[in-house]
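> Take a look at the following structure, please.
In this note's numbering, the protein residues as written are 144 to 825.
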């Protein structure tokens, strides 16, 4: 069998994982690769894909499942470069997110499921709007008691489907105040499903649900499974129960199934993910799965890893591994005690500027926090001092109103029955209100959805002047004679003059539309563009073009969840106290507490050279019924007990005039010296 010279680039652990179970002499079985933070997980998975192809597996027989479209594209590009396939083999066509692969399979097998193959996919906001429409039709919006709002209803619906658990259990665990509405919610969700089918639309969760339905029929499951010889899954710790069931149906005996992940980085239970998938994986097959471990870290110094290892070692259940690095030298991570949150900000900004003076760019540094509002005070101080920053996660690209406008016009052209898209699009026409928009859509349906029936609708007097041009652009989008590559450009000629009337900040919105058109050029059809963008949207408005900043350098602020998969030279973690890490909203069960421990571990392992954990001794608490707003003493996070704190340099940071305040345990004491302020006084 041909070898792959690129395997020589791997360390022994990575090589063993890349080739395990592939050679014909070995009995193939399911493979679990436990890949520690910074251990070269992606590199190993890419080499395994390349090795499969080098051994004669056709690229079309490989299914690669990732959690972002960008990751799938990058992995396939790197795999092809390793085997020199750019001129001899086609692309690895079945690579993408679970939801994008589901979208493709459902269209191929739509008849078996009774689906219209031209269905469109609702994004989260549109799903919530349709849920609200059904909610109102059932009279639940007029309930005398507090019925859950549309966002809560969608969250409950999604949790129940993805976790594969009874509605009662999901309500008791995550939404106890909604338990009295169980039967009403059950009926609402049933009617919501019917409303989607009537409009020929699916939501994000339906894609996995219908794929699961497809795999529950033995004959259909055999046809889908027969497409692939090997199934590889990245970030398996982030899968939910439904995804695990789909994989087991694809490979009931485990042959040809490889999953890669790290149980210590399972932090997305709020999205329906469960750490049980990866912990229980080896025992889910008749022959126990093979397990390979990657624990050589290529990111952090050993002192940082020693502290992180100590934090995760106290987990109740885990795969045993201790990260190690060849970068044995480095400063101890700092556990910094500060009197209050204002001093926390003072300390962090001072250290950021000191590291910058020492050669670390602002963009090489990141401030991480458990919840988005934890950075409020820091953002004010950074703005006051003129220090540029970008914060993740903010407004998602598809949630921006102008982007939704354009996509709704395209979605309506793709699926004329999509009433949500139609009503929003119709109201973009100047002078067209909600009532006339509904009448226009009803008129269109009565005319059998014929392209020219819209022109025959009599618009209100306020819209008569602009109605012909609107009908013209809608007709052009629906016409088979209008090629896809030019459709967004054609639509923009009509839409951009409306921006001044609809919104402020027009220049920034036009830049977003430029970016949308650029993204669209990467897709061969309108259907693929709409589906893929809905299933794997850019995180921020303007994110595809880089951070929305004019400055060449900027500090990164991020929630820990958004920071997963990233790394920086210097990392600061705010509010490492009980109530924040772990969050006081996530200590109800042992499982929640263990996930909070893993969250701190993820934050710590983002740092390459320097790590600071901040412990404010006092925090401001609002809305105290008896005492009013006040400061309260808060303990250091329970995840940093004495046996763990020994891995840190303990630092106290105080104002000289506050030395009579709370006692700060430390190895050394730093007063606010003039040199800290002198950076700005020069």
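Beta carbons: idealized from backbone N, C-alpha and C, even for Gly.
CB residue 162 to CB residue 150, shorter than 8 Å?
yes
> Using DSSP's beta-bridge definition, name the partner residues of residue 404.
BP columns for residue 404 point to 177.
> Would you call the CB atoms of residue 718 and residue 512 closer than 8 Å?
yes
> Across which residues does DSSP place residue 723 in a beta bridge pair?
726
> For residue 445, report the span of its alpha helix (DSSP H) as first-last.
445-456
> Which of the three DSSP states, helix, strand or coil, is assigned to residue 787?
Helix, per DSSP.
> For residue 177 versus residue 534, is the C-beta distance shorter than 8 Å?
Judged by beta-carbon spacing, residue 534 lies beyond the 8 Å limit of residue 177, meaning their Cβ atoms are not closer than that value.
> Going straight from the alpha carbon of residue 684 to that of residue 753, what length do you get?
Here the model assigns residue 684 a pLDDT of 40, short of 50, so the residue's position is not dependable and the matter cannot be decided.
> Consult DSSP for residue 261 and reduce its assignment to one of helix, strand or coil.
coil
> Per DSSP, which one or two residues make a beta bridge with residue 383?
416
> Would DSSP call residue 759 helix, strand or coil?
strand
> Give the range of the beta strand (DSSP E) segment to which residue 707 is assigned.
Premise fails: residue 707 is in no beta strand (DSSP E) and is neither H nor E.
> Would a C-beta distance cut-off of 8 Å place residue 164 and residue 171 closer than the cut-off?
yes
> When we look at the beta-carbon of residue 786 and count the other beta-carbons within 10 Å, is it buried (16 or more) or exposed?
exposed
> If residue 397 and residue 173 are in contact, beta carbons under 8 Å, what's the gap, nearest whole angstrom?
The C-beta distance from residue 397 to residue 173 rounds to 3 Å, short enough to meet the 8 Å contact threshold.
> From the DSSP secondary-structure annotation, give me the bridge partner or partners of residue 437.
In DSSP, residue 437 forms a bridge with 178.
> Run the CB neighbour count on residue 342, radius 10 Å, all protein chains shown included, and call it buried at 16 or more, exposed below.
By the neighbour-count definition (other C-beta atoms within 10 Å, threshold 16), residue 342 is a buried residue.
> Using 8 Å for Cβ pairs, my map puts residue 466 next to residue 451. What's the rounded Cβ distance?
7 Å
> In this structure, does DSSP put residue 318 in helix, strand or coil?
coil
> Does residue 604 pass the burial test, meaning 16 or more other C-beta atoms within 10 Å, or should it be called exposed?
exposed
> Check for me: the alpha helix (DSSP H) holding residue 241 runs from which residue to which?
241-251
> Nearest by alpha-carbon distance to residue 282: which of 334, 347, 655 and 660 is it?
334
> Evaluate the contact criterion for the stretch 235-255 versus the stretch 322-333: three or more CB pairs, one atom per stretch, below 8 Å.
no
> Once DSSP output is grouped into helix, strand and coil, what is the label at residue 793?
strand
> Pull up the DSSP beta-bridge partners for residue 754, would you.
Looking at the DSSP assignment, residue 754 forms a beta bridge with 714.
> Can you say whether residue 456 is buried or exposed, counting buried as having 16 or more other CB atoms within 10 angstroms of its CB?
exposed
> Is residue 666 helix, strand or coil by DSSP?
coil
> Could you tell me if residue 768 is buried or exposed, where buried requires 16 or more neighbouring beta carbons within 10 angstroms of its beta carbon?
Low local confidence applies: a pLDDT of 46 at residue 768 is under 50, so the model's placement there is unreliable, with the coordinate-based value given in what follows. The residue in question, residue 768, is exposed, as its Cβ has fewer than 16 Cβ neighbours within 10 Å.
> DSSP three-state label for residue 422, please.
Reduced to three states, the DSSP call for residue 422 is helix.
> Have a look at the DSSP bridge pairing and note the partners of residue 511.
701 and 716
> Here's the rule: buried if 16 or more other CB atoms are within 10 angstroms of the residue's CB, otherwise exposed. What is residue 732?
exposed
> Check the C-beta distance from residue 724 over to residue 739 and give it rounded, since I have them as a contact under 8 Å.
6 Å
> Please state if the CB of residue 697 and the CB of residue 755 are separated by a distance shorter than 8 Å.
no
> Pick helix, strand or coil for residue 622, following the three-state DSSP scheme.
Per DSSP, reduced to three states, the secondary structure at residue 622 is coil, with no helix or strand assignment.
> Using a Cβ-based criterion (distance less than 7 Å to any ligand heavy atom), does residue 706 qualify as near the ligand NAD?
This structure simply doesn't include the ligand NAD, nor any ligand for that matter.
> From the DSSP secondary-structure annotation, give me the bridge partner or partners of residue 779.
720
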